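**Q**
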Ligand code: DQQ
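Residue numbers (our numbering): 5 to 588.
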């Protein structure tokens with residue numbers, strides 16, 4: 005484990021010993037959780053990321069597509085800007101961009117959820133009926149799993165949900181820790197015609213994906229074995245789904261519906277993804293592997309580390325994510341929650357906390373070695389005024405400003421060509437498991453051989469405030485290179501009290517082939533969401549500039565490496581503001 009990860013683990017453990025102040029890893033502020041926001045702070049409020057008009061949000065819940073509408077539910081505190089009073093708020097959209105909020109979908113009302121309605125998923129049954137399964141907190145504070153059905157199937161908004169009295173349908177048996185048993189997945193259908201799903205849990209330090217089966221979606225029986233387990237602490241918000249492989253009967257970028265797994269031919273030609281959210285580390289990792297339907301066993305491919313240095317969807321602020329199959333565009337779409345990293349008093353003052361990352365299309369790479377993510381294509385509909393820079397060399401130590409757009413709410417696509425790969429610094433193999441620590445030491449101000457180069461975003465004109473999104477290339481020997489992608493917010497603001505961690509991940513690419521690294525960054529006031537090398541490595545970060553706000557925020561390209569780089573092409577667009585959760 006890297007030093008940063010070890011430190012985080014220690015801090016998390018300290019946190020957990022003060023059990024009274026944490027619930028499902030959310031810190032509790034009893035005195036703040038029902039304090040209405042007086043007004044909503046606009047300065048750093050995002051423009052095109054999903055968020056409600058005010059107050060606290062966390063995990064995306066039950067995303068689905070029904071009768072022409074996308075639905076997104078999310079954990080929401082209707083009464084304040086910190087975690088608490090959690091309900092399932094509900095929004096609908098025709099395009100994943102403009103959102104309308106409708107009545108809350110699920111809120112505590114029955115004995116089986118009277119103390120909370122926590123995360124869960126939707127499954128659209130073969131007859132087209134959507135069903136939600138979620139975690140309820142019962143009067144004994146046990147975590148139980150409940151179902152809810154739409155009251156009126158002819159309402160495409162699915163405004164009202166009914167919780168049958170036969171809930172809970174899954175209760176923790178004696179061998180399960182009832183305070184660590186939550187977040188049921190979308191169910192999948194086995195070739196035997198029975199449903200399966202998993203629920204996140206733990207046994208001491210072992211995270212577990214507890215497996216259940218059902219014939220009728222009502223009576224669920226626990227399987228003798230779990231789908232998978234690992235020594236990484238509580239597994240929250242597991243997600244398990246099929247992905248198409250290159251060379252199969254469908255394009256590898258197309259999504260696969262879990263319902264299709266009934267068909268043995270489909271089931272045999274896909275791979276499977278298991279993603280878990282690590283309560284202790286506050287990040288997620290995934291493996292890709294093989295799932296034996298008959299035995300209900302999941303085995304990750306050996307090339308995927310199955311531990312807390314596993315591959316991540318996002319190396320930044322992205323948690324409790326959930327994917328769904330979009331039948332309209334035959335793709336799998338991923339939602340993830342990005343928490344604030346400012347202070348609780350700041351959140352109180354601004355009256356809101358938390359956003360959802362831009363929905364991402366997610367699929368297995370052609371090589372099968374990792375997942376690729378890319379903002380859903382609909383995001384392009386927000387692009388407005390545009391500038392383009394091409395074939396601009398940036399010598400060692402130089403930088404330039406991109407002018408002609410207001411970049412505070414923008415979409416930037418750039419490609420950086422490297423002149424002298426030979427100048428790359430030597431890579432120490434011990435760094436392999438700690439990209440974040442490496443980026444922390446070799447941050448954007450530390451000069452290198454090839455890189456650091458990239459963007460300074462949300463920068464003040466004098467560059468005193470700036471957030472760097474950048475790459476650094478190392479060589480392991482004369483022919484092999486390692487590419488590191490970093491996000492360095494250490495100079496994003498002067499406010500020392502802000503938490504400003506560097507985030508980083510390695511980029512799985514052969515730099516000798518192209519000698520060029522593409523980058524896309526979605527900038528949105530206090531969000532910097534970056535997709536390196538076509539979505540191979542993604543990093544979302546939250547920053548809170550004090551000067552580089554509104555029209556004062558600037559965009560630069562910089563190069564602090566010895567090798568010259570060339571911006572072969574940079575396109576930047578101002579982004580329009582969609583309708584964001586106005587009541588219907
Ligand atoms: N948030 C929910 C839990 C989940 C956690 C409670 C993850 O169901 O485990 O708001 O952020």
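All residues carry an ideal CB built from backbone N, CA and C; glycine is no exception. Just so we're clear, the structure is a prediction, and the values are computed from it rather than from any experiment.
How is residue 427 classed by DSSP in three states: helix, strand or coil?
**A** It is helical.
**Q** If you drop the 5 nearest sequence neighbours on each side, which residues of the same chain put their C-beta closer than 8 Å to that of residue 483?
**A** Once the five neighbours on either side are set aside, the close Cβ partners of residue 483 are 516.
**Q** Does the segment 569-582 come close enough to the segment 498-512 to have 3 or more Cβ pairs within less than 8 Å?
**A** At 8 Å Cβ cutoff, the stretches do not touch.
**Q** Thinking C-alpha only, which one of 350, 359, 563 is nearest residue 544?
**A** For the residues 350, 359, 563, the minimum Cα distance to residue 544 belongs to 359.
**Q** Where does residue 353 fall in DSSP's three states?
**A** In the structure shown, residue 353 sits in a helix (DSSP, three-state: H, G or I).
**Q** If you reduce the DSSP assignment to three classes, tell me which class residue 258 lands in.
**A** Residue 258: coil per DSSP, three-state reduction.
**Q** Whose CA, out of 382, 223, 232, lies closest to the CA of residue 207?
**A** Residue 232 is the option with its Cα nearest to residue 207.
**Q** In terms of alpha-carbon separation, which member of 449, 70, 335, 162 lies closest to residue 562?
**A** Per the Cα distances, 449.
**Q** Could you tell me whether any non-hydrogen atom of ligand 3 is closer than 6 Å to the CB of residue 400?
**A** Ligand 3 is not part of the structure shown, which contains ligand 1 as its ligands.
**Q** Within 10 Å of its beta-carbon, does residue 377 have 16 or more other beta-carbons around it, so buried, or fewer, so exposed?
**A** Classification for residue 377: buried.
**Q** Using only the alpha-carbon positions, how far apart do residue 126 and residue 48 sit?
**A** Rounded to whole angstroms, residue 126 to residue 48 spans 32 Å at the Cα level.
**Q** Let me make sure I understand the geometry here. Which of 580, 347, 283, 480 has the alpha-carbon closest to that of residue 409?
**A** Comparing Cα positions, the closest option is 580.
**Q** Considering only DSSP beta bridges, list what residue 471 is partnered with.
**A** Per DSSP, 461.
**Q** State the DSSP-derived secondary structure class of residue 574, mapped to helix, strand or coil.
**A** If DSSP states are grouped into helix, strand and coil, residue 574 belongs with the strands.
**Q** Compute the Euclidean distance between the alpha carbons of residue 388 and residue 413, then round it to the nearest angstrom.
**A** Taking the straight line from one Cα to the other gives about 10 Å.
**Q** Going by DSSP, name the residue or residues bridged to residue 68.
**A** DSSP output for residue 68 lists 75 as bridge partner(s).
**Q** Ignoring anything shorter than 4 residues, give me the alpha helix (DSSP H) runs that lie fully in the segment 287-364, in order along the chain.
**A** Correct list: 348-354.
**Q** Looking at the unbroken alpha helix (DSSP H) that takes in residue 440, where does it start and where does it end?
**A** Note, residue 440: alpha helix (DSSP H), 439-445.
**Q** Mapping the DSSP letters down to three states, classify residue 265 as helix, strand or coil.
**A** Residue state, collapsed to three classes: helix.
**Q** Just checking my contact of residue 556 with residue 464 at CB under 8 Å: how many whole Å lie between their CB atoms?
**A** Yes, they are in contact, since the Cβ atoms of residue 556 and residue 464 sit about 6 Å apart, within 8 Å.
**Q** Around the Cβ of residue 143, are there at least 16 other Cβ atoms within 10 angstroms (buried) or fewer (exposed)?
**A** That one is exposed.
**Q** Thinking C-beta only, is residue 295 closer than 7 Å to residue 590?
**A** Here the chain covers residues 5 to 588 and nothing more, so residue 590 does not appear.
**Q** Any chance the segment 192-205 sits against the segment 150-159, with 3 or more Cβ pairs inside 8 Å?
**A** The segment 192-205 is not in contact with the segment 150-159.
**Q** So does the segment 238-246 actually touch the segment 157-176, counting three or more Cβ pairs closer than 8 Å?
**A** Short answer: they don't touch.
**Q** Curious, which full-length beta strand (DSSP E) runs of at least 3 residues does the segment 218-250 contain?
**A** Fully enclosed beta strand (DSSP E) runs of 3 or longer: 224-226, 232-234, 239-248.
**Q** So residue 217 packs on residue 342, CB below 8 Å; how close in whole Å?
**A** Not confirmed; about 34 Å, so no contact.
**Q** Which one or two residues does DSSP pair with residue 278 in a beta bridge?
**A** Answer is 244, 291.
**Q** So, for residue 351: in the same chain, excluding its five sequence neighbours on each side, which residues have a beta-carbon less than 7 Å away from its beta-carbon?
**A** Closer than 7 Å at Cβ, skipping near neighbours: 85, 86, 344, 357.
**Q** Inspect the beta-carbon positions of residue 134 and residue 70 and report whether they are closer than 7 Å.
**A** Contact: yes.
**Q** Apply the 10 Å Cβ neighbour rule to residue 228 and answer buried if 16 or more other Cβ atoms are within range, or exposed otherwise.
**A** It is exposed - the Cβ of residue 228 has fewer than 16 other Cβ atoms within 10 Å.
**Q** Let me confirm a value: residue 29 is counted as buried when at least 16 other C-beta atoms fall within 10 Å, else exposed. Which label applies?
**A** Residue 29 should be labelled buried.
**Q** Please state if the CB of residue 88 and the CB of residue 37 are separated by a distance shorter than 7 Å.
**A** Yes; because the gap between Cβ atoms is below 7 Å, this pair is in contact.
**Q** Mind checking who residue 579 pairs with in its DSSP beta bridge?
**A** Bridge partners of residue 579: 387.
**Q** The alpha helix (DSSP H) with residue 1 in it runs from where to where?
**A** The question about residue 1 has no answer, for the chain in this structure spans 5 to 588.
**Q** When the Cα atoms are used, what is the spatial distance from residue 195 to residue 186?
**A** Their Cα atoms are separated by approximately 26 Å.
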